[in-house]
Amino acid sequence: MFHEITVSDLSFNPFTRLNKDWALVTVTDPDTGKTNTMTVSWGGVGVLWGKNVVTIYIRPQRYTHEFLEKTDHFTLSFYDMSTEGMRDALTLCGRKSGRDIDKIAQAGLHLAGEKEYPWFEESELVFCCKTLYRSAFKPELISDDIKASAYPNEDYHDVYIASIEKIIKKD
Ligand SMILES: Cc1cc2nc3c(=O)[nH]c(=O)nc-3n(C[C@H](O)[C@H](O)[C@H](O)COP(=O)(O)O)c2cc1C
1 MFHEITVSDL SFNPFTRLNK DWALVTVTDP DTGKTNTMTV SWGGVGVLWG KNVVTIYIRP
61 QRYTHEFLEK TDHFTLSFYD MSTEGMRDAL TLCGRKSGRD IDKIAQAGLH LAGEKEYPWF
121 EESELVFCCK TLYRSAFKPE LISDDIKASA YPNEDYHDVY IASIEKIIKK D
């Protein structure tokens, strides 16, 4: 059963939840109604402009990037990675593109939520997010060692900062 909680109710370690457990960024195209999802493990949560925000970093070649450019709404959702098959599901969502396959079906995920804020029945925690700022990294401002390690192909991430409009938790 899902219910809404506030940031004060969160017991959430962004470092382990992102870098170790991973998350899904999920977006519905407002024109076609199609939903796509991809795995992320880089990102952040914090406060900006007096709002609770998440930051995600999405390379322009991702299919999900096309969706994020068409709408301001997306979700960032987290999973109980000890559940059987969950690591495989998020690995598939992070290796295959929604351009090529029906990723959601193949990952065994079940769409839930609303049109603006799609999530999956398998989610443990969902941040419903509204983009406030999007920008490309300026390569000349990135340190040389990070440029060499993260961007040998010069495919610099775009940054999305989004307010957390709603938080949904599974009981
Ligand atoms: C553990 C993991 C973390 C990832 N984190 C990111 C990320 O933060 N940003 C990004 O652009 N791609 C990231 N990726 C790669 C995308 O998830 C992957 O390219 C995916 O297939 C894109 O799907 P799409 O083309 O349907 O959007 C990650 C992949 C994995 C496996």
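Counting with the working numbering, you get residues 1 to 171 for the letters of the sequence shown. Every residue, glycine too, gets a C-beta built ideally from N, C-alpha and C. All figures in this text were calculated on a predicted structure; none of them were measured in a lab.
Query                                                                                                          : Result
In chain order, each beta strand (DSSP E) run of at least 3 residues that lies wholly inside the segment 12-62 : 23-28, 35-40, 43-48, 51-58
Cβ contact (3+ pairs, closer than 8 Å) linking the segment 81-97 and the segment 129-139                       : no
Coil, strand or helix - L109 by DSSP                                                                           : coil
Distance, M86 Cα to G44 Cα                                                                                     : 22 Å
Supposed close pair L111, I104 - CB separation, criterion 8 Å                                                  : 6 Å
C-alpha gap between F15 and A23, whole angstroms                                                               : 12 Å
Beta-carbon proximity of F74 to T26, cut-off 8 Å                                                               : yes
CB of E114 within 8 Å of CB of K170, strictly                                                                  : no
Test item: CB-CB of K130 and A162 under 8 Å                                                                    : yes
Residue of L68, F67, F127 minimising C-alpha distance to I164                                                  : F127
7 Å Cβ shell around S41 - same chain, five flanking residues per side excluded                                 : L18, N19, W22
Buried or exposed by the 16-neighbour rule on C-beta atoms within 10 Å, applied to L68                         : buried
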